[in-house]
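Everything below concerns the one structure shown next.
Residue numbers (our numbering), protein chains in the order written: chain A, 1 to 409; chain B, 410 to 573.
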């Protein structure tokens, strides 16, 4: 032990902190910057790491667990089930429209089926973290289209609970029977967690709750790690395990746990993004840049389309439809989690990591900017439609009067 | 709390909290976004685009309480003040039940306040909480404060009665 481990970790975390400050100042999500740090260090990067890669690998795994746990804590079981009932059509359209482009690219690149499914998931999910933050920053939380946007995000997150076990089973190369078994297991676990949360949520929360923040932190964190680990050993995906723990906890526990676990999540999630960057060789990115840009443009448009459609279904005006569509373009944490699962499993899909990294880099930066542009764009579209309607009305009136004149003569 | 003729819409915001809004007689939509962490946003919807908010005022829980007080209970005090102005002989007073008072532990009805003194009890304050129009079966405890309406003599009489 020469202190190298601490020095390397210290440098990385310090750089992350400085970049995070920079990102905050220019109103950017820090995720792309974390990815860039990972790319700069590590495999094929400017500064290869010697001592800390193992630690960062473990930290990244904890990061995934915490990201999913906190995501589960955001929602209560009743929110999930009511959203599922009311917004299922919108959720389905969202899935088809946005997973297809990713799958097509995967097939064109001659990747094996698990990698194609992974790529479909990468283009499918919007970053709920970035979107929620952008909505709050732009003062749109009160807007009438916001519930539509949020319920799309909820459904995506919920569908992950079914998607991740399928993906994990495929990546593990399980036979159809074994795969179906583990997926069935996951679905059973999800149902059990939802039932527990709906029926016994209060009792469970009382059991877990503690006024002492330290105790609460240890109990919830320990529970999430344990369940995630058990899920992983059953090849169900640790992410789903952690997500379910988050959903099962509600009320005061969820509130307090969110407060104590958020800083921990921020640290380990940053480590996770760095780790993904570390494992990706920057030299692989340039050949993947063009497909990434094409994919980003196409899936930005499909997301905007889905948002507009869902908002129109909810009887939101034109400007609001445009705002809803542009709000959900960002991709971020979930997409990297899926890509991380795929690249970590050892399947042969050359360029998947690089493509995912480039794709998320583009849309994590462009997404918030597009969302910001949604306000003036929506006003412009609505204004144009109003003018056109007026013009048409005037023309009709003119036609009517000339008709009357003709009749008179 | 509010009259039924104010038509309040409640919308859940998954992951954030809940939004309540209503249309004023003046044709403007106002609402409050209640975050789960206690933050409250006062939102005023835009005239041109009824789906969006033209004003968003972020408030901490304490600030929202302060605003609510001006909008809500402040109006009740205001109404009380005008009421006592209208009836010049009418006064309001606060009467504390001492620990060990003979009514400590008895019901409000046991005081027979209205028949004996002519004073009416309109509210009971206990541990910073206010119970409006307490019934005769309400238990009194030492340390309670009663808000009493009546003539000055009636209030004095009631004070003597409970603290004999």
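Note that beta-carbon positions come from the ideal geometry of N, C-alpha and C, so glycine has one too.
What distance in whole Å lies between the Cβ atoms of residue 332/A and residue 68/A, which are believed to be in contact at a cut-off of 8 Å? Reading the first chain from its first residue, position 68 is the one you call residue 68/A. Reading the first chain from its first residue, position 332 is the one you call residue 332/A. With a Cβ gap of about 14 Å, residue 68/A and residue 332/A do not count as contacting.
Neighbour flag for residue 238/A against chain B, beta carbons, 8 Å: Locating residue 238/A in the first chain gives position 238, counting from the first residue. No, no contact with chain B.
Complete runs of the alpha helix (DSSP H) confined to the region 190-270 of chain A [at least 4 residues]: Listed in chain order, the complete alpha helix (DSSP H) runs (minimum 4 residues) inside the region 190-270 of chain A are 213-233 and 238-248.
Buried or exposed: which applies to residue 213/A, given that a residue is buried once 16 or more other Cβ atoms fall within 10 Å of its Cβ? As a first step, residue 213/A is located in the first chain; it is residue number 213 there, counting from the start. Exposed is the call here.
Any contact of the region 271-284 of chain A with the region 52-59 of chain A, i.e. 3+ C-beta pairs under 8 Å? yes
Counting only Cβ pairs nearer than 9 Å, list the residues of chain A close to residue 425/B. The sequence position of residue 425/B within the second chain is 16, counting from 1. Contact annotation for residue 425/B against chain A: 74, 132, 135, 136, 141, 146 and 150 [CB-CB distance below 9 Å, chain order].
Taking all protein chains shown into account, decide if residue 411/B is buried (16 or more other Cβ within 10 angstroms of its Cβ) or exposed. Walking along the second chain from the start, residue 411/B turns up at place 2. Low confidence applies here, because residue 411/B scores a pLDDT of 49, under 50, leaving its location unreliable and the question unanswered by this model.
Neighbour flag for residue 37/A against chain B, beta carbons, 8 Å: One-based indexing of the first chain puts residue 37/A at position 37. Cβ-Cβ to chain B under 8 Å: no for residue 37/A.
CA-to-CA distance, residue 167/A to residue 24/A, given in whole angstroms: In the first chain, the residue the question calls residue 24/A occupies position 24. In the first chain, the residue the question calls residue 167/A occupies position 167. Cα to Cα, residue 24/A sits roughly 34 Å from residue 167/A.
So is the beta-carbon of residue 535/B under 7 Å away from any non-hydrogen atom of the ligand NAD? For the ligand NAD, the structure offers nothing, since it holds no ligand at all.
What first and last residue would you give for the beta strand (DSSP E) that runs through residue 427/B? The count along the second chain starts at 1 and reaches residue 427/B at position 18. Residues 426-432.
Chain A contact for residue 461/B (CB, 8 Å cutoff): For the purposes of this step, residue 461/B is taken as the residue at position 52 of the second chain. By this cut-off, residue 461/B is an interface position.
Nearest chain A C-beta to residue 499/B closer than 8 Å, yes or no? For this step, residue 499/B is matched to residue 90 along the second chain. Not an interface residue.
Terminal residues of the continuous beta strand (DSSP E) containing residue 466/B? Here residue 466/B refers to the residue found at position 57 of the second chain. Here the beta strand (DSSP E) through residue 466/B covers 462-468.
Report the neighbours of residue 539/B on chain A: residues whose CB is nearer than 8 Å to its CB, in chain order. Against the second chain, residue 539/B aligns to sequence position 130. Within chain A, no residue comes near residue 539/B; the closest Cβ sits about 25 Å away, beyond 8 Å.
Near-chain A residues of the region 427-438 of chain B (beta-carbon distance less than 8 Å), N- to C-terminal order: 428 and 430
Taking the alpha carbon of residue 293/A as the reference point, which residue from 171/A, 359/A and 59/A has its own alpha carbon closest? If you number the first chain from 1, residue 293/A lands on position 293. If we check each option's Cα against that of residue 293/A, 359/A comes out closest.
Ignore the nearest five residues each way along the sequence and tell me which others in residue 15/A's own chain have a CB closer than 7 Å to its CB. Reading the first chain from its first residue, position 15 is the one you call residue 15/A. Cβ within range, chain order: 37.
With a threshold of 8 Å on Cβ separation, who are the neighbours of residue 351/A within its own chain once the five nearest residues in sequence on each side are excluded? For this step, residue 351/A is matched to residue 351 along the first chain. Closer than 8 Å at Cβ, skipping near neighbours: 109, 284, 287 and 288.
In chain B, what lies closer than 9 Å to residue 79/A by C-beta? Along the first chain, read from residue 1 onward, the residue named residue 79/A stands at position 79. Listed along chain B are 421, 423 and 424, each with a C-beta nearer than 9 Å to that of residue 79/A.
Spell out the partners DSSP gives residue 534/B in its beta bridges. Start at 1 with the first residue of the second chain, and residue 534/B comes out as number 125. Answer is 539/B and 554/B.
What span of residues does the beta strand (DSSP E) with residue 442/B cover, start to end? The count along the second chain starts at 1 and reaches residue 442/B at position 33. Start and end: 438-444.
List the whole-angstrom C-beta distance separating residue 142/A from residue 465/B, where the pair is believed to meet the contact cut-off of C-beta under 8 Å. Counted from its first residue, the first chain places residue 142/A at position 142. Counted from its first residue, the second chain places residue 465/B at position 56. Confirmed, Cβ separation roughly 6 Å.
What does residue 452/B touch in chain A if you count any residue whose Cβ is under 7 Å from its own? Reading the second chain from its first residue, position 43 is the one you call residue 452/B. Residues of chain A passing the Cβ test: 142.
Flag this pair as touching only if the region 354-369 of chain A and the region 332-341 of chain A have three or more C-beta atom pairs under 8 Å; answer yes or no. yes
With three or more beta-carbon pairs closer than 8 Å as the criterion, would you say the region 496-510 of chain B touches the region 548-568 of chain B? yes
Which of the three DSSP states, helix, strand or coil, is assigned to residue 419/B? As a working note, residue 419/B is residue 10 in the second chain. Residue state, collapsed to three classes: strand.
Does DSSP classify residue 410/B as helix, strand or coil? Reading the second chain from its first residue, position 1 is the one you call residue 410/B. Note that residue 410/B scores a pLDDT of 46, beneath 50, so its modelled location is shaky; the value from the coordinates is reported in the next line. It is coil, neither helix nor strand.
Relative to the C-alpha of residue 32/A, which residue among 405/A, 356/A and 244/A is closest? The residue given as residue 32/A occupies position 32 in the first chain. Closest by alpha carbon: 356/A.
With a threshold of 8 Å on Cβ separation, who are the neighbours of residue 298/A within its own chain once the five nearest residues in sequence on each side are excluded? Translated into the one-based positions of the first chain, residue 298/A becomes position 298. 101, listed in sequence order.
Per DSSP, which one or two residues make a beta bridge with residue 68/A? Against the first chain, residue 68/A aligns to sequence position 68. Answer is none; residue 68/A lacks a bridge partner.
Where DSSP assigns a beta bridge to residue 505/B, which residues make up the other side? Looking up residue 505/B in the second chain gives position 96. Checking the DSSP bridge columns, you'll see residue 505/B partnered with 554/B.
Is residue 98/A close to chain B? Criterion is C-beta to C-beta, closer than 8 Å. The residue you call residue 98/A lines up with position 98 of the first chain. So no, residue 98/A is outside the interface.
Does the Cβ of residue 526/B have 16 or more other Cβ atoms within 10 Å, making it buried, or fewer, making it exposed? One-based indexing of the second chain puts residue 526/B at position 117. Buried, by the Cβ-count rule.
Look up residue 22/A in the DSSP assignment and say whether it is helix, strand or coil. As a first step, residue 22/A is located in the first chain; it is residue number 22 there, counting from the start. Residue 22/A: helix per DSSP, three-state reduction.
Determine, for residue 55/A, whether the minimum Cβ-Cβ distance to residues of chain B falls below 8 Å. Here residue 55/A is taken as the residue at index 55 of the first chain, counted from 1. Not closer than 8 Å to any Cβ of chain B, the Cβ of residue 55/A fails to qualify, so no.
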